[in-house]
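Read through the structure below, which is laid out as structure tokens, and then see the notes.
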Amino acid sequence: MSSSSEYTPPAVWTWKQGNGGRFANINRPIAGATHEKALPVGKHPLQLYSLGTPNGVKVTVMLEELLALGHSGAEYDAWLIKIGDGDQFGSDFVAINPNSKIPALLDRSGPKPIRVFESGAILVYLAEKFGAFLPTEPAARAECLSWLFWQMGSAPYLGGGFGHFYAYAPVKIEYAIDRFAMETKRQLDVLDRRLAESEYLGGADYTIADIAVWPWYGGLAKGLLYGAAEFLQVQEYKNVQRWADQIANRPAVRRGRMVNRVQGELSSQLHERHDAADFDTQTQDKLSGG
Ligand SMILES: N[C@@H](CCC(=O)N[C@@H](CS)C(=O)NCC(=O)O)C(=O)O
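Laid out in structure tokens, this is it:
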């Protein structure tokens, strides 16, 4: 096995700023705000502070799905949080999410604003608020929540483990890539076996479990994450492929994945969303070079 130089940890860890990793400029061992910064507030009951990463996309897809079902109370303003610039460490953002990560939601529809952080908690909150995409029958609800929490527990091995060491770390460490590639393929197989027996993760119906898992594992299966499609041979997971395509074709999913997106084709990016018409305006602006 090729190895990077041997490392003997010192007795006490110390912070080496700028260790060369892709996110070295924003990673820090201390929580809390680094600067005072007010967040903008729009006209809708729901204020979302986010970015179009897989964790952010879960929430914008959910909101677009709720709107598509006719829940006008799900109208939202989506503001861009540039994590590369450290916006997640601004004082107002930290007041909504003490963990300084997107997505963060503020529900201003009641007498007192309610903050919600962690994408899984936001999905459950919205599902319960609008009575949609989370079954109420105990067995179906348990299955849905099991897959939702599977995602929350599993994706850090994919993103923070495999993705980090395969694509972002300043050195390629065979041991780390091997360990997390194995776990990522195991997770894809878990999903593939489930989706061989069931149309959606929770059962016959599309739920917040699919909404949470799709941006990560659907993205991975379609070759959109870490440039790793060939390395992981993602085409082999046929049931995941079928499910990923099925979800990608939903109109609300097509809209939701554009919101707060800052990479890819310009026509696929809607940096902020304040109105349903923003999707049309955005496409027209981009077509006319605006
Ligand atoms: N478990 C969290 C993870 C959120 C997360 O990792 N967000 C990333 C972007 S995808 C982030 O904001 N990173 C900024 C940072 O770590 O400083 C969730 O599901 O909401």
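Residues 240 to 529 in my numbering are what the sequence shown spells out, letter by letter. Ideal Cβ placement from N, Cα and C applies to all residues, glycine included.
Heavy atom of ligand 1 within 6 Å of residue i beta-carbon
| i | result |
| --- | --- |
| Q327 | yes |
| E357 | yes |
| I322 | yes |
| T273 | no |
| I450 | no |
| N258 | no |
| I265 | yes |
| N336 | no |
| T299 | no |
| N294 | yes |
| I341 | yes |
Segment limits, beta strand (DSSP E) that includes residue i
| i | result |
| --- | --- |
| F356 | 353-356 |
| A263 | From DSSP, A263 is part of no beta strand (DSSP E); its letter is neither H nor E. |
Where the alpha helix (DSSP H) through residue i begins and ends
| i | result |
| --- | --- |
| D484 | 477-487 |
| W386 | 377-395 |
| Q426 | 413-436 |
| D449 | 447-452 |
| L471 | 468-471 |
Nearest-angstrom beta carbon gap, residue j and residue i [assumed within contact, 8 Å]
| i | j | result |
| --- | --- | --- |
| V333 | A272 | 4 Å |
| G329 | K276 | 3 Å |
| P352 | L345 | 5 Å |
| V479 | D431 | 5 Å |
| A313 | L387 | About 19 Å separates the two Cβ atoms, so there is no contact after all. |
| I341 | Y396 | Between Y396 and I341 the Cβ distance is about 20 Å, and since that is not below 8 Å, they are no contact. |
| Y414 | Y465 | Going by Cβ atoms, the distance from Y414 to Y465 rounds to 18 Å, so no, they are not a contact pair. |
| V280 | G495 | Wrong, their Cβ atoms sit about 21 Å apart, outside the cutoff. |
| G260 | P409 | 6 Å |
| A451 | G392 | Not quite, the Cβ-Cβ distance comes to about 11 Å (not below 8 Å), so this is no contact. |
| L471 | A394 | Not a contact, Cβ separation roughly 15 Å. |
| G349 | I265 | G349 to I265, Cβ: 33 Å. No contact. |
| T423 | F401 | 4 Å |
| A460 | Y476 | 6 Å |
| L306 | A515 | 7 Å |
| P293 | G399 | Contact flag wrong, Cβ pair sits at about 12 Å. |
Residues that residue i bridges to, as DSSP identifies them
| i | result |
| --- | --- |
| S289 | L319 |
| A343 | Y288, F356 |
| R496 | None; R496 has no bridge partner. |
| G329 | H274 |
| L509 | V498 |
beta-carbon residue i near ligand 3 non-hydrogen atom, thresh 6 Å
| i | result |
| --- | --- |
| A307 | Among the ligands modelled here, namely ligand 1, ligand 3 does not occur. |
Problem set entry | Sufficient close CB pairs (3 or more, under 8 Å) joining the region 494-504 to the region 287-306 | yes
Exercise. When the Cβ atoms of the region 503-510 are set against those of the region 479-488, are three or more pairs found closer than 8 Å?
Worked result: no
Exercise. Does the region 370-379 come close enough to the region 438-445 to have 3 or more Cβ pairs within less than 8 Å?
Worked result: yes
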